[in-house]
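First up is the structure itself, then whatever we jot down about it.
There are 2 protein chains.
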Amino acid sequence: MTSVDEPARPGGRIRDAARTQAEILDVATQEFARAGYDGARVDEIAARTRTTKRMIYYYFGGKEQLFTAVLERAYTVIREAEQELDVEHLDPVAAIRRLAELTFDHHEQHPDFIRLVSIENIHGAEHIAASEKLGRIGSPALDVIGRILASGQESGLFTADVDAVDLHAMISSFCFFRVANRHTFGALFGRDLVAAEQREHYRTMLGDMVIAYLTADRAAD
Amino acid sequence: MTSVDEPARPGGRIRDAARTQAEILDVATQEFARAGYDGARVDEIAARTRTTKRMIYYYFGGKEQLFTAVLERAYTVIREAEQELDVEHLDPVAAIRRLAELTFDHHEQHPDFIRLVSIENIHGAEHIAASEKLGRIGSPALDVIGRILASGQESGLFTADVDAVDLHAMISSFCFFRVANRHTFGALFGRDLVAAEQREHYRTMLGDMVIAYLTADRAAD
DNA sequence: TAGCTAACGTACTGGTTCGTACATTAGCTT
DNA sequence: AAGCTAATGTACGAACCAGTACGTTAGCTA
Chain A
1 MTSVDEPARP GGRIRDAART QAEILDVATQ EFARAGYDGA RVDEIAARTR
51 TTKRMIYYYF GGKEQLFTAV LERAYTVIRE AEQELDVEHL DPVAAIRRLA
101 ELTFDHHEQH PDFIRLVSIE NIHGAEHIAA SEKLGRIGSP ALDVIGRILA
151 SGQESGLFTA DVDAVDLHAM ISSFCFFRVA NRHTFGALFG RDLVAAEQRE
201 HYRTMLGDMV IAYLTADRAA D
Chain B
1 MTSVDEPARP GGRIRDAART QAEILDVATQ EFARAGYDGA RVDEIAARTR
51 TTKRMIYYYF GGKEQLFTAV LERAYTVIRE AEQELDVEHL DPVAAIRRLA
101 ELTFDHHEQH PDFIRLVSIE NIHGAEHIAA SEKLGRIGSP ALDVIGRILA
151 SGQESGLFTA DVDAVDLHAM ISSFCFFRVA NRHTFGALFG RDLVAAEQRE
201 HYRTMLGDMV IAYLTADRAA D
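Here the protein sequences come in this chain order: A and B.
Here the first sequence stands for residues 1 to 221, numbered as in our numbering.
Here the second sequence stands for residues 1 to 221, numbered as in our numbering.
This is the structure we're talking about:
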């Protein structure tokens, strides 16, 4: 993140293409997350940077491409975080629980990203489809899940018939819903899913759920 | 749903306030779900009804109130469906599984509703907050879950430390994510969560997950 | 059947918003 | 230090879009 609050150099404008672009992306991320794609205002983004609207069009081409660039950077940040995952030294149960907790923490810490993903889904993921970068970005987390799952299934510890993508969907569902639907859920059921006091409760609940599912004694069904 | 395709009566316009309002709500639901709140066009809604934009303002007051009315009707439909729930004659395990499956089916059958909820969350649930109707609508499903849960916990069958709201969140998470994030998930991981062939797989997965969580032998942890 | 009012239609406006034409300058290169 | 170009700023236009002023009529009521 580039700070937008640095005092403007008194000696006149400074030229720094990289910084200007990063600053536009920072502010655009906030604005798109705040108001949705159509609700976001290009003029508002420009006003909150140290540069002008002209620069947004100069560097990104238009509102649509700016949103795509925002998504690309947001997903890149996630993928880089996933590459730091270090759970494969644990036994499969502990590794999966730890992975679920890291996903939980990550979603909680990046509500803007969650909002961007919701917005992109409203628009049928057309920006992801239009992005070459996002098409081939892959997911390190999926590889990690795959290896843990294989190990757990091989040893007979994990009985569930799921692959890495399914398990990733299961873990993400809970983490995503909790943040994304916080407002309607709170308004309708009077419970703030993201309240600090409830945090440990839901974190444990997620881990228990995933482990119970994976290790359930299916012969008893 | 009111059909919009009936041929216009040749003898001139017909006056029917209820039908006009219902038709506006039908089309508005589609348009808001399609494009989001800011992306939706009042002119487009009007064009796709047999009436004019003037009538939208006459009956609903404005775009904002129209969206609120759309949400109110959508939630009312859900709540009415929930009142049809008839699972309490089953044993707790079967009852919870059935309830999860009904939620699963309902989400799948109402993608527009899912989109409206996503949109409302982007806007901080401000329309729900502004609606008297939605504030006191409650949730029959929560009552049902609460009673089944109590029965299962009393008999020692359910070991998990959850209440009805938590369990509802868990079930909804999976069902909601699968429909709401279908597009980004498909684009990034190459799997369509709502594909017909996968339907039974995910339906079973959800039931297994919830039951495994509720009945897990926690002493073994 | 005269009259009344809820229901409806047409045409327009004023503000907003994306995008651009045109002008300028920082700072590197030779 | 002259010149060149990437980077930047200003001012404006054209389309769009929510909302409204004003006029009309269906069909019930007395």
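Note that CB positions come from ideal geometry on N, CA and C, so glycine has one too.
Between ALA169/A and ILE145/A, the CB-CB gap reaches or exceeds 7 Å.
Residue-level contact check: TYR59/B does not touch chain A, since none of the beta carbons of chain A fall below 7 Å from its beta carbon.
At least one beta carbon of chain A lies nearer than 7 Å to the beta carbon of PHE177/B.
Pairing GLU132/B with LEU157/A, the inter-Cα distance amounts to about 51 Å. Residues of chain A with a Cβ closer than 7 Å to the Cβ of HIS183/B are, in chain order, ASN121, GLY124 and ALA125. The three-state reading of DSSP puts THR29/A in helix, counting H, G and I together. For the 7 Å CB-CB criterion, ALA28/A and VAL70/A form a contact. Between ALA216/A and ALA212/B, the gap from beta carbon to beta carbon is short of 7 Å. One finds HIS183 and ALA187 in chain B with Cβ atoms closer than 9 Å to the Cβ of ALA129/A, taken in chain order. Interface criterion not met: the Cβ of ASP143/A is under 7 Å from no Cβ in chain B. A residue is called buried once 16 or more other Cβ atoms fall within 10 Å of its Cβ, and VAL77/A, having fewer, is exposed.
When the alpha-carbon of TYR202/A is set against those of ASN121/A, HIS107/A and SER155/A, the nearest one is in HIS107/A. Within chain A, the C-beta atoms nearer than 7 Å to that of MET209/B come from MET170, MET209 and TYR213, in chain order. Selection LEU149/A, ALA33/A, PHE189/A and LYS53/A evaluated against VAL42/A yields LYS53/A as nearest (Cα-Cα). Contact annotation, HIS127/A with THR68/A: C-beta distance approximately 4 Å; criterion of less than 8 Å satisfied.
The three-state reading of DSSP puts ILE96/B in helix, counting H, G and I together. For ARG97/B, the closest Cβ of chain A is not nearer than 7 Å.
GLY135/B: member of the alpha helix (DSSP H) spanning 132–135, first to last residue. For the C-beta of SER139/B, the chain A residues within less than 9 Å are, from N- to C-terminus, LEU188 and PHE189.
With respect to PHE104/B, SER173/A sits apart: the two C-beta atoms are not nearer than 7 Å. ALA187/B has its alpha-carbon roughly 24 Å from the corresponding atom of ILE148/A. Residue environment: ALA125/B is assigned as buried (16 or more neighbouring CB atoms within 10 Å of its CB, all protein chains considered). Excluding five sequence positions before and after PRO111/B, the CB atoms of its chain that fall closer than 7 Å to its own CB belong to VAL179, given in chain order. Sixteen is the threshold: when 16 or more other Cβ atoms of the shown chains lie within 10 Å of the Cβ of HIS123/A, as they do, the residue is buried. For SER173/B, the residues of chain A that pass the 8 Å Cβ criterion are SER173, PHE174, PHE176, PHE177 and ARG178, in the order they occur in the chain.
The continuous alpha helix (DSSP H) containing ASN121/B extends over residues 111–122. For the pair ALA46/B and LEU116/B, the CB atoms are not nearer than the 7 Å cut-off.
Listed along chain B are ILE122, each with a C-beta nearer than 7 Å to that of ARG115/A. By the rule that beta-carbons nearer than 7 Å mark a contact, SER155/B does not touch chain A. When Cβ-Cβ separations below 7 Å define contact, GLY62/A makes no contact with chain B. Annotated three-state conformation of LEU90/A is coil, per DSSP. Under the 7 Å criterion on CB atoms, VAL165/A is classed as interfacial with respect to chain B.
Here SER155/B carries a coil assignment [DSSP, helix/strand/coil].
Listed along chain B, the residues sitting closer than 7 Å to LEU193/A by beta-carbon distance are ALA169. Cβ proximity to chain A below 8 Å picks out ALA35, GLY36, TYR37, ASP38 and GLY39 from the stretch 29–48 of chain B. Assigned with DSSP and collapsed to three states, SER139/B falls in coil, not helix or strand.
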